[in-house]
Every structure is written in C-alpha cells, then in structure tokens.
Amino acid sequence: MALVRRARRIDRELAVTHPDAHCELDFTTPLELLIATVLSAQTTDKRVNLTTPVLFARYPDAAAYAGADRAELEELLRPTGFFRAKAQSVIGIGQALVERFDGEVPGRLEDLVTLPGVGRKTANVVLGNAFGVPGLTVDTHFGRLVRRLGWTDEEDPVKVEQVVGDLIPRSEWTMLSHRLIFHGRRVCFARRPACGACSVARWCPSAGIGETDPVKAASMVKTG
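Counting with the working numbering, you get residues -16 to 207 for the letters of the sequence shown.
Written out as structure tokens, the structure reads:
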C-alpha cells in the first residue's frame, strides 16, 4: 500500500508539472495515429511529424496503403530510418485492415496486435489517444522512469505494464503514460537526469544520480 500511495502521489505531482502532457505525434484519425506510431520506432516524434503530412495526403486510407508502390513509399519514409522495414509494415497494415477489418482501425488491443509491426506499445498508443480506451505506453522513457522511481525492477515491457497497472487507477493510464514520457524527455534524462529541478525528487529513490544543484539542473530542463 505504501508503494501504491507513493506512485499515485507522484502521478498527481507530474500532472501539475506537465499539465500540457499529450501525444506528441500529429494525427487526425485512428489510421493516421497508427501509421505515425509505427513510424516513430527508432526515431523522434518530431521527425515523424515532418514526414507524415505528405504521407497522409498521398495515402488517405487503408486501401491506399495496401496498394502503395513500395519504392515510392520507401522514399517518403526514408527520413524516419529503417524505411524498408517500415514500408513493409505500413503496406501490410493497409492490406490487413482492408482484408479483415473493412478498412477501419479496430478499437480492441487483441485485434490491433495482429497487424504487421504493431505490438502492445503501439496498440496502447492508438487505443488511449484515438479511442479513449485507457492504456499504458511502455516505451524506453516510461520503462526507465518507473524503474528509477522504484515502482518495479522489471525490464520486460509486458511485466512493467502489469505492475504499473496495479499501482495506478485504470482511468489514469493514458495520461500517466504522457506524463512519464514528457518527464523523461524534459527532466529525467537517460544519461544525466536533472534531479535538482525534478518535482518528484522527494519521492524518488534514485534522486541524486544526476545533477543536484538546483540552478544547474534547471538549466538542463528542456521546454516545449
């Protein structure tokens, strides 16, 4: 119970620290979010957002992705890295949606994870942000922070998801994901966290592993 109370206290504090926490991928439909999330692997959301306007205009629906010219699609995806594998996944997603889901993105995790290149992390991003279904997005930032915060020692994303899901109310799962990812990108950096400027340091067993001087730590914090 002490861990539950501490985890929920940290979540409340992060809500104050990052009131603008949100999905940083640009999208207007579930399909756009699904494709953008697949493209975000091994690159930044900013890079994906620079790529997707032309991509979304060129391929407005699942059928368009299913029938895409591979060479043309690869060229559009080249800036995101691993463009051949991503093109393969995107075409496969389009084909699977057309063949099995009438061209629509399904709103169930068990269906989403059957799509090419889609795992639980991607599925939870889509469910939480396009369908309003609570989900925990266990990416590298999320995993790093929950371990630093002492919520779990697990490394496996599925086990991390299960442990954190027991600590935080289901209704908060999607926003907790955004808050932890925001905090990981802006304050709790992988190599040297800005501990002296961290709003949850008083509840963090790892506090002090990074810069502890408040002024120096504040200068490290990223905004925007």
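Just so you know, even glycine gets a beta-carbon here, dropped at the ideal spot from N, CA and C. Predicted model, so just to flag it, every value in this text is computed and none were measured.
Between the alpha carbons of Arg153 and Leu163 lies a gap of roughly 15 Å.
DSSP places Gly111 in the uninterrupted alpha helix (DSSP H) bounded by Arg103 to Ala113. Non-local C-beta neighbours of Asp122 in its own chain, meaning closer than 7 Å and more than five positions away in sequence, comprise Lys104 and Ile164, ordered along the chain. In the DSSP assignment, Trp156 falls within the unbroken alpha helix (DSSP H) covering Trp156 to Arg169. Secondary structure within the segment 49 to 102: the alpha helix (DSSP H) runs of 4 or more consecutive residues, fully enclosed, are 53 to 60, 66 to 83 and 92 to 95 (chain order). Remark: C-beta atoms of Leu119 and Asn107 approach each other more closely than 7 Å.
The beta carbon of Leu17 sits closer than 6 Å to those of Val88 and Val109, all from its chain and outside the five residues before and after it, given in chain order. Under the criterion of beta carbons closer than 8 Å, Val81 and Ala45 qualify as touching, at roughly 5 Å.
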